[in-house]
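Going by our numbering, the first residue of the sequence shown is number 5, and it counts up by one from there.
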Amino acid sequence: MKAITKYWFLEDFNLLKKIGRLNMMKICEVLEMENIEKGKPIKLKEKHNNSVFFLKRGSVKIVNTTNDTVKYIVKRGNIFGELALFDKEVAAQEVAYAIEDCIICYIESKQMEELMQKHTSLKNGVLKVYGLRIKKLERRLHDLLYKDSPTRIKEFITDFIDEFGEIDETGRLVAKNLLSHREIANLTNTSRQTVSNVLSTMRKKGIINYDMKSISINKPQYLKK
Numbered sequence: 005m006k007a008i009t010k011y012w013f014l015e016d017f018n019l020l021k022k023i024g025r026l027n028m029m030k031i032c033e034v035l036e037m038e039n040i041e042k043g044k045p046i047k048l049k050e051k052h053n054n055s056v057f058f059l060k061r062g063s064v065k066i067v068n069t070t071n072d073t074v075k076y077i078v079k080r081g082n083i084f085g086e087l088a089l090f091d092k093e094v095a096a097q098e099v100a101y102a103i104e105d106c107i108i109c110y111i112e113s114k115q116m117e118e119l120m121q122k123h124t125s126l127k128n129g130v131l132k133v134y135g136l137r138i139k140k141l142e143r144r145l146h147d148l149l150y151k152d153s154p155t156r157i158k159e160f161i162t163d164f165i166d167e168f169g170e171i172d173e174t175g176r177l178v179a180k181n182l183l184s185h186r187e188i189a190n191l192t193n194t195s196r197q198t199v200s201n202v203l204s205t206m207r208k209k210g211i212i213n214y215d216m217k218s219i220s221i222n223k224p225q226y227l228k229k
């Protein structure tokens, strides 16, 4: 695909905006692109190993292959696979799965490292992404120690809708229902049955609405109780 087309795909990535159009066009010359179908792993060929990915469309989940648990979710306009820049051994234990049809660009970690050395703003942006994900994992550990299961699930639902939700025609913040109860259990360190019970109770109380396609909050003030 031509670099100008790749530029159009990457122009809404905040991570790249500060380096300027000319430099972004140069980056586009070394990027590869792929369409990934829902449910497919983003580990297509050997050339994808130790790559950094830019997610233009769709959402992906990052799974720890050693225990088959979901580590975090990535939405469009963000990068993933950046762990290959810092710890290739741990990165090899991760695999990304498309939870919607996706469009990705990817670049080998060596090439990304070279670009980061040339562009301080890019380096700082990647470090910020990496740092925020470390903080999320640390928060999960803290919550496991100090919060009960229902609270962890309720707070996860709030955060998920805040991050992935969009305003619908009625003015509500609605997110696609991208995760199974088992995956929510992974992300909140609870059981699938507990997730089912908590969500069912919240729906009966009118706090949330959810079905196979979407999830939204009707009474956000109750989630903090």
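We put the CB at the ideal spot given by N, CA and C, even for glycine.
Since the model is a prediction, treat every value here as computed from it, not as a measurement.
Minimum Cα-Cα distance from Ser55 among the listed residues Glu117, Leu177, Thr124, Thr155 corresponds to Glu117.
Taking a cut-off of 8 Å for Cβ pairs, the stretch 147-161 and the stretch 119-129 do not touch, as fewer than three such pairs fall below it.
Runs of the alpha helix (DSSP H) spanning 4 or more residues and lying entirely within the stretch 151-186 occur at 153-168, in chain order. In this structure, DSSP gives Arg61 an extended state, which the three-state scheme calls strand.
DSSP places Ala100 in the strand class (E or B) of the three-state scheme.
Per DSSP, the unbroken beta strand (DSSP E) holding Thr73 starts and ends at 73-79. Annotated three-state conformation of Ile138 is helix, per DSSP.
Separation of the CB atoms of Lys60 and Arg80 is rounded to 6 Å, and the pair is thereby assigned contact status at 8 Å. With fewer than 16 other Cβ atoms from the protein chains shown falling within 10 Å of its own Cβ, Ala96 counts as exposed.
Judged by DSSP in its simplified three-state form, Glu117 adopts helix. Residue pairing by DSSP places Met37 opposite Cys109 in a beta bridge. Asn128 and Ile212 have their C-alpha atoms roughly 38 Å apart. According to the DSSP assignment, Asn213 belongs to the beta strand (DSSP E) that extends over 212-214. Shortest Cα-Cα distance from Thr69 to any of Ser125, Met206, Ile83, Ala100 involves Ala100.
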